[in-house]
Amino acid sequence: MPELPEVEVVRRGLETHLSGATFEDVSVLHPRANRGQDAPLADLLVGARIDAVRRRGKYLWLDLGDDALYVHLGMSGQMLVGDPGVCTSPHMRIHASLTDSAGQERELAFVDQRTFGRWLYTPQVGGVPVPVAHVAHDPLEEDFDVVSVARLIRRKRSPIKSVLLNQEVVSGIGNIYADEALWQAGIAPTRRASSLLQREVVALLDAAEDVMRRALAEGGTSFDSLYVNVNGESGYFSRSLNAYGREGEPCRRCGTPIVRERFTNRSSHFCPVCQRKR
DNA sequence: ACTTCTCCCTGTGGGC
DNA sequence: TGCCCACAGGGAGAAG
106 MPELPEVEVV RRGLETHLSG ATFEDVSVLH PRANRGQDAP LADLLVGARI DAVRRRGKYL
166 WLDLGDDALY VHLGMSGQML VGDPGVCTSP HMRIHASLTD SAGQERELAF VDQRTFGRWL
226 YTPQVGGVPV PVAHVAHDPL EEDFDVVSVA RLIRRKRSPI KSVLLNQEVV SGIGNIYADE
286 ALWQAGIAPT RRASSLLQRE VVALLDAAED VMRRALAEGG TSFDSLYVNV NGESGYFSRS
346 LNAYGREGEP CRRCGTPIVR ERFTNRSSHF CPVCQRKR
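Each residue of the first sequence is one higher than the one before, starting from 106 at the first, in the numbering used here.
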């Protein structure tokens, strides 16, 4: 559920607090949080310096020079920065001690209730960590090419919502912002991508960019304390949602009650009247 | 080659 | 009060 805006909020916080910091100690408290790593994480990280904190779509990484610490928040991952010993969460999966650029000792806790997230120490290839190499550019990147992404989308036979969720086509969009972008563009989630006109897909991608920019300006979306910035604070965008979570409430365009339907094992929220099926 | 489905995981909350 | 189950959902990997 942390999608692009929520991950960007985390990235900014990490950059503010930990740029120039050096890892002093690392403890993996739950092996699933570091799955896929052969060497002990501490052996890889201790002594490494954080040059910058970067992001593509929902993926985050600490730039350590040639290598990176890749971070995926999954559904419930949090990156909490604080004074040493401040995090007491039973869901803390990895704990790191660092010395920041001012020489202060800091703690970085990876807290993840549902354990879908993970850290992975990995080389960088072409400026991104290995697991990010296959990830498409996101709509907030400078060089995001709306026209060519729209062309790619129109070659897909899947429902448009499934295509929006495919991180290899366009990254950063999850279930919430997919529903919001489709509502804003007035397109039904079940429409086959190949049935859409180029200008409809361009409008949809513009809507996705717009809704994610607005969410970012409000600190992201959160329904509970699971989705927070590095200081543990929630964003306010949930009060601005037009479709997601509004089952039975009137569509803000036409007044028709918003419908929630099961769609590829997830919930879709949409207006049955003003989101075009054809 | 492309698309769709299943499973991973844990806490919450509704129904009985 | 307690038990069961649906639900939240990104992505890896299998199945179609």
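For every residue, glycine included, the Cβ atom is placed at its ideal position computed from N, Cα and C.
- Beta-bridge analysis with DSSP links ASP168 to ALA157 and ALA173.
- Boundaries cannot be given for ILE363, as no alpha helix (DSSP H) includes it and DSSP labels it neither H nor E.
- With a cutoff of 8 Å on beta-carbon distance, SER124 and ALA157 are scored as near each other.
- Of VAL240, GLY190, CYS356 and LEU245, the smallest CA-CA separation from ASP284 is found for CYS356.
- Residue state for TYR349 is assigned as coil, using DSSP reduced to three classes.
- The bridge partners DSSP lists for ILE292 are ARG381.
- A check of alpha carbon separations from SER276 across GLY141, GLN303, ILE292 and MET317 identifies MET317 as the nearest.
- A direct Cα-to-Cα measurement between THR220 and GLU108 gives close to 16 Å.
- A check of alpha carbon separations from THR193 across PHE215, LEU165, LEU257 and CYS379 identifies PHE215 as the nearest.
- For SER194, no beta strand (DSSP E) run applies, since DSSP gives it neither H nor E.
- Secondary structure at THR220: coil, using DSSP grouped into helix, strand and coil.
- Per the coordinates, the alpha-carbon of HIS177 lies some 34 Å from the alpha-carbon of LYS382.
- Rounded to the nearest angstrom, the gap between the Cα atoms of ASP168 and HIS135 is 23 Å.
- For ARG371, the enclosing beta strand (DSSP E) has its first and last residue at 371–375.
- Residue GLY324 holds the alpha-carbon nearest to the alpha-carbon of VAL115 among ALA348, ASN271, GLY324 and ALA138.
- Nearest C-alpha to LYS261 among PRO228, HIS242 and VAL306: VAL306.
- Beta-bridge annotation (DSSP): VAL274 is not paired with any residue.
- Annotated as proximal: GLU273 and ALA241, with beta-carbon spacing under 8 Å.
- Membership of SER132 in the beta strand (DSSP E) is indicated by the continuous run 127–133.
- In this structure, the CA atom of CYS379 is about 41 Å from the CA atom of LEU185.
- Apart from the 5 residues on each side of it in sequence, VAL237 sits with its Cβ closer than 6 Å to the Cβ of ARG161 and TYR164 in its chain, given in chain order.
- Following the DSSP letters along the chain, one finds VAL186 in no alpha helix (DSSP H) but inside the beta strand (DSSP E) bounded by residues 182–187.
- In this model, ARG117 and ASP315 are separated by some 19 Å (Cα to Cα).
- Judged by DSSP secondary structure, VAL151 falls outside any alpha helix (DSSP H); it is assigned neither H nor E.
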